[in-house]
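There are 2 protein chains.
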Amino acid sequence: MTDSSSPTLPAPPAAVPTKRPRGRPRKTLDERDDGNRRQALIMAAAALFRRKGFAATSTRDIAQSVGMHSGSPFYHFKSKDDLLYAVMEAGMHSAIARQDQALAAVQDLAAVHQARAQLRALIHSHFETLLGPGNDFVPVMLYEHRSLGARQRTALAKLQAQYEAAWSPVLGVLHREGALGAPVKLSRLLMLGALNWSVQWFDGKKEASVQDLTDACMALFLKE
Amino acid sequence: MTDSSSPTLPAPPAAVPTKRPRGRPRKTLDERDDGNRRQALIMAAAALFRRKGFAATSTRDIAQSVGMHSGSPFYHFKSKDDLLYAVMEAGMHSAIARQDQALAAVQDLAAVHQARAQLRALIHSHFETLLGPGNDFVPVMLYEHRSLGARQRTALAKLQAQYEAAWSPVLGVLHREGALGAPVKLSRLLMLGALNWSVQWFDGKKEASVQDLTDACMALFLKE
DNA sequence: CCTACCGATCGGTAGG
DNA sequence: CCTACCGATCGGTAGG
Numbered sequence: 029m030t031d032s033s034s035p036t037l038p039a040p041p042a043a044v045p046t047k048r049p050r051g052r053p054r055k056t057l058d059e060r061d062d063g064n065r066r067q068a069l070i071m072a073a074a075a076l077f078r079r080k081g082f083a084a085t086s087t088r089d090i091a092q093s094v095g096m097h098s099g100s101p102f103y104h105f106k107s108k109d110d111l112l113y114a115v116m117e118a119g120m121h122s123a124i125a126r127q128d129q130a131l132a133a134v135q136d137l138a139a140v141h142q143a144r145a146q147l148r149a150l151i152h153s154h155f156e157t158l159l160g161p162g163n164d165f166v167p168v169m170l171y172e173h174r175s176l177g178a179r180q181r182t183a184l185a186k187l188q189a190q191y192e193a194a195w196s197p198v199l200g201v202l203h204r205e206g207a208l209g210a211p212v213k214l215s216r217l218l219m220l221g222a223l224n225w226s227v228q229w230f231d232g233k234k235e236a237s238v239q240d241l242t243d244a245c246m247a248l249f250l251k252e
Numbered sequence: 029m030t031d032s033s034s035p036t037l038p039a040p041p042a043a044v045p046t047k048r049p050r051g052r053p054r055k056t057l058d059e060r061d062d063g064n065r066r067q068a069l070i071m072a073a074a075a076l077f078r079r080k081g082f083a084a085t086s087t088r089d090i091a092q093s094v095g096m097h098s099g100s101p102f103y104h105f106k107s108k109d110d111l112l113y114a115v116m117e118a119g120m121h122s123a124i125a126r127q128d129q130a131l132a133a134v135q136d137l138a139a140v141h142q143a144r145a146q147l148r149a150l151i152h153s154h155f156e157t158l159l160g161p162g163n164d165f166v167p168v169m170l171y172e173h174r175s176l177g178a179r180q181r182t183a184l185a186k187l188q189a190q191y192e193a194a195w196s197p198v199l200g201v202l203h204r205e206g207a208l209g210a211p212v213k214l215s216r217l218l219m220l221g222a223l224n225w226s227v228q229w230f231d232g233k234k235e236a237s238v239q240d241l242t243d244a245c246m247a248l249f250l251k252e
């Protein structure tokens, strides 16, 4: 059983592209794991895009950080923009998957507490997506949206709409119960904004945990 | 009485730098309004930085949009980074001034409603700073923070601390009154995040106004 | 503030 | 995926 689908980066080939043996290490066909190299590029790009921004990151930076030479990323991606989109798409897929799991885990509660428990699950899951260790994909998506082309922006918008669609019914119930003070749509925009902004100030090594943040949100946003 | 301190851009010199009369229009010394050209550069830079991002905007873009030639911005600013900092500093000064005015206008209310009125004033003023027509400075500051050097980041942090300092006592009163459900510091971070994020989705031509947003925030964040 | 220019870097490609 | 390379662009400067 292979773990070729594992999203963890297999320790990079000790990036020293200056002096390396000229004859590149012969690989037989079954050793060529293209998927892993592509994955490695996506993860390295995510980390660099987050730290320095898309425009300030060169494709050479990315190549070097996975031990490739400058032209090689273009064997895996047609353009730098395509690589950016791949990062964002991967981020949304993982965010949606995490959100679905979080909602499923809370499905069987007594109806009285369902909506509250669902909102807590949504908030906690969102914070994990934003602040969890190694989760650079969605932060890059949030802060480099501008750099996307029109076509790719449309494709992403569908994934984002799918993600946010899970919030509206939950907020609707809470609003009707009187636990949510503002209209559903504005509430969703403001709440997601409060969460998304945490990327700017959250420090994993500081006192507050993701649990603390979730508690604070529930206390701030809901009545009684 | 001159209006040399007016922050409005005097209609740009119809930027057509390709064919313009070679002998540049002689200006006598008292016509040379260096301050205005510098201001024009700051405003053009703010608009471009906001639309395309700092790294994706060239100093040539900025020069062209005020009718200068490529090297000329460096007569007014030592580097592109200095221009970015000038944009952000101007943004914080104007934000602080607007906030002070907003608080002063609400100073004389009956004590029972003071804290609520103050919070409303802070929120409304913040939305104006972010979303008001031509207000690109603070949005640039919020989203290009990363591009600043360490020294300038420290200088800006002082202005930001000054700005946010006005929020804490107001939130403290509301928390003690039971109107604010979460701890003061986390409340401030989450609330400002909700507001700051509006830059991403607010559309001035759409239905919701800054007043609507302010109302929604008050309804969302405060109990009873 | 313009003119003329420089060194550096960048995204991307052909050909293997 | 590497090698070798190209055209374009960029921040910045000297000298007036």
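Residue numbers (my numbering), protein chains in the order written: chain P, 29 to 252; chain Y, 29 to 252. From the three backbone atoms N, C-alpha and C, an ideal C-beta is built for every residue, glycine too. All figures in this text were calculated on a predicted structure; none of them were measured in a lab.
Q: Would you identify the three-state DSSP class for P/Ser-237, choosing helix, strand or coil?
A: DSSP places P/Ser-237 in coil when its eight states are reduced to three.
**Q.** Contact the region 97-105 of chain P vs the region 140-157 of chain P: 3+ CB pairs below 8 Å
**A.** Contact annotation: the region 97-105 of chain P does not touch the region 140-157 of chain P, with fewer than three C-beta pairs closer than 8 Å.
Q. If you measure from the beta carbon of P/Met-71 to each beta carbon in chain Y, is any gap under 8 Å?
A. P/Met-71 has a beta carbon lying at 8 Å or more from every beta carbon in chain Y.
Q) So what does DSSP say about P/Leu-69, is it helix, strand or coil? A) In the three-state DSSP reduction, P/Leu-69 falls in the helix class (H, G or I).
Q.
Give me the residue from P/Arg-66, P/Leu-218, P/Gly-200 and P/Asp-164 with the minimum Cα distance to P/Arg-79.
A. Shortest Cα-Cα distance from P/Arg-79 to any of P/Arg-66, P/Leu-218, P/Gly-200 and P/Asp-164 involves P/Asp-164.
Q: For Y/Leu-159, return the contacting residues in chain P, with the cut-off set at a CB-CB distance below 9 Å.
A: Correct list: empty, because the minimum Cβ distance to chain P is about 13 Å.
Q | Residues, ordered as in the chain, of the region 190-219 of chain P that lie near chain Y by beta-carbon distance below 8 Å | A | Result list: Leu-208, Gly-209, Ala-210, Pro-211, Leu-214, Ser-215, Leu-217, Leu-218 and Met-219.
(Q) Using a Cβ-Cβ cutoff of less than 7 Å, which residues in the same chain neighbour Y/Arg-148 once the five nearest sequence positions on both sides are dropped? (A) Excluding residues within five positions, the ones whose Cβ falls inside 7 Å are Thr-242 and Met-246.
Q) Any beta-carbon of chain P closer than 8 Å to the one on Y/Phe-249? A) Proximity of Y/Phe-249 to chain P, defined by a Cβ-Cβ separation below 8 Å, is satisfied.
Q | Those runs of the alpha helix (DSSP H) which lie wholly inside the region 136-219 of chain Y and span at least 4 residues | A | Runs found: 139-159, 165-171, 178-193 and 195-205.
Q. Would Y/Asn-64 be called buried (16 or more neighbouring beta carbons within 10 Å of its own) or exposed?
A. By the 16-neighbour rule on beta-carbons within 10 angstroms, Y/Asn-64 is exposed.
Q) From P/Asp-109 to P/Thr-85, what distance separates their C-alpha atoms? A) Their backbone Cα atoms lie some 12 Å apart in a straight line.
Q. In terms of residue numbering, what span does the alpha helix (DSSP H) encompassing Y/Met-120 cover?
A. Its alpha helix (DSSP H) spans residues 108-132.
Q) Leaving out five residues before and five after P/Val-168 in sequence, what residues of the same chain have Cβ atoms less than 6 Å from its Cβ? A) So the list reads Ala-74, Phe-77, Arg-78 and Val-115, once near-sequence residues are dropped.
Q: Say whether chain Y places a C-beta atom closer than 8 Å to the C-beta of P/Gly-63.
A: Taking Cβ atoms only, chain Y never reaches closer than 8 Å to P/Gly-63, which makes this a no.
Q. From P/Leu-220 to P/Thr-87, what distance separates their C-alpha atoms?
A. Their backbone Cα atoms lie some 32 Å apart in a straight line.
(Q) Output needed for P/Leu-111: all residues of its chain with C-beta closer than 6 Å, excluding positions within five of it in sequence on either side, in chain order. (A) Sequence-distant Cβ neighbours of P/Leu-111 in its own chain, meaning closer than 6 Å and more than five residues away, are Ala-73 and Phe-105.
Q) Any C-beta of chain Y sitting closer than 8 Å to the C-beta of P/Ala-118? A) So no, P/Ala-118 is outside the interface.
(Q) Quick check: what's the CA-CA separation for Y/Gln-228 versus Y/Leu-158? (A) Distance between the alpha carbons of Y/Gln-228 and Y/Leu-158: 10 Å.
Q: Count the other CB atoms, across all protein chains shown, that sit within 10 Å of the CB of Y/Gln-135; report buried if there are 16 or more and exposed otherwise.
A: Classified as exposed, Y/Gln-135 has fewer than 16 neighbouring CB atoms from the shown chains inside 10 Å of its CB.
**Q.** Classification of P/Gly-209 by the beta-carbon crowding that lies within 10 angstroms, buried from 16 upward
**A.** By the neighbour-count rule (16 or more Cβ atoms within 10 Å), P/Gly-209 is buried.
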